[in-house]
Every structure is written in structure tokens, then in C-alpha cells.
Amino acid sequence: MMGRESRDPMTANDDVELAELRRRRLQEIQQMQQGATQNAYSAQQVEMERRDAERAEILRRVLTPEARERLGRIRLAKPDVAASVEQQVIALAASGRLQRPIDDATLRALLERISPERREIKITRR
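Residue numbering for the sequence shown is 10 to 135, as defined by my numbering.
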């Protein structure tokens with residue numbers, strides 16, 4: 010491509026910040042695991058939090074910031090739809106079928122496939 014430079018969506022500064030966030034989250038999880046017996050946390054809760062952290066990390070890697078923002082808004086309005094999209098995105102990432110991060114337009118296309126057909130409401134005034 011002549012006039013376009015290929016840009017990496019993550020800069021070095023973002024990588025450092027992500028590494029720091031990962032380190033802090035891992036430390037939090039480890040502290041929670043240590044305190045689990047003291048605070049009566051069950052092993053299931055710790056495992057759930059670990060899976061949630063892992064899921065968030067995968068989504069952070071494969072979605073652009075705009076797509077993550079859209080998914081966050083969807084999660085607030087329709088948690089079940091957001092969970093379904095997250096599962097599909099994670100499955101795509103796990104299977105290695107993603108060559109580049111999922112952008113907002115691609116996420117919208119996924120949503121259109123998942124969301125049920127909208128009913129069209131017509132109002133007729135007399």
C-alpha cells in the first residue's frame with residue numbers, strides 16, 4: 010500500500026501500561042487466593058475471578074479500544090448479548106483465525122449476526 014503506513018495499534022507505552030496492569034491484577038489475584046481461606050472465599054470465587062481476568066486480558070489483546078468501548082456499552086444494556094459476543098471473539102482468538110485486532114465495524118457485524126431481527130414498528134396516524 011503506497012500512501013498508508015502500517016501502524017501497530019499498540020505503542021510501546023501501551024505495552025508497558027498493559028504489563029503493569031497485568032502484574033497488578035496477578036498480584037491482586039494472588040493476594041485474594043492467600044486471603045481466601047482467611048476471608049472465607051471459596052475456591053470457586055477465586056477461580057471465577059481468575060477466568061474473568063483471563064477473559065478480560067484476551068479481549069484487551071484482540072479488540073481495538075473503540076470495539077472494547079462499544080462492547081462495554083452493550084454489556085451495560087444487554088449483558089447476555091455482550092457475553093455471547095465475548096465468547097465468539099475469544100473462540101476466534103483461541104482458534105487462531107484472527108489476523109488483526111477486531112475493530113468497531115467488525116464488532117458491529119458480529120452483533121448483527123448475533124442479535125435477533127428487530128421488529129419494525131409502524132405508527133399510522135389518522
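Glycine is no exception: its CB is placed at the ideal position from the N, C-alpha and C atoms.
Separation of residue j from residue i, as counted between CA atoms
i    : j    : result
Q42  : K131 : 55 Å
R84  : V94  : 10 Å
D89  : L80  : 12 Å
R60  : E129 : 39 Å
V55  : E75  : 30 Å
Q108 : R135 : 55 Å
A114 : R122 : 13 Å
R77  : Q40  : 28 Å
I38  : E63  : 11 Å
P110 : S51  : 35 Å
R106 : R32  : 28 Å
E26  : S124 : 34 Å
R82  : T133 : 33 Å
A92  : L30  : 23 Å
Q96  : R34  : 22 Å
L116 : V98  : 9 Å
Assigned secondary structure, residue i (DSSP; H/G/I helix, E/B strand, else coil)
i    : result
L107 : coil
R134 : coil
E129 : coil
Residue range of the alpha helix (DSSP H) that includes residue i
i    : result
T115 : D113 to I123
Inter-stretch contact (C-beta, 8 Å, three-pair minimum) for the stretch 87-104 and the stretch 56-76: yes
Secondary structure, alpha helix (DSSP H): runs of 4+ residues fully inside the stretch 48-106: 52-71, 74-86 and 88-104
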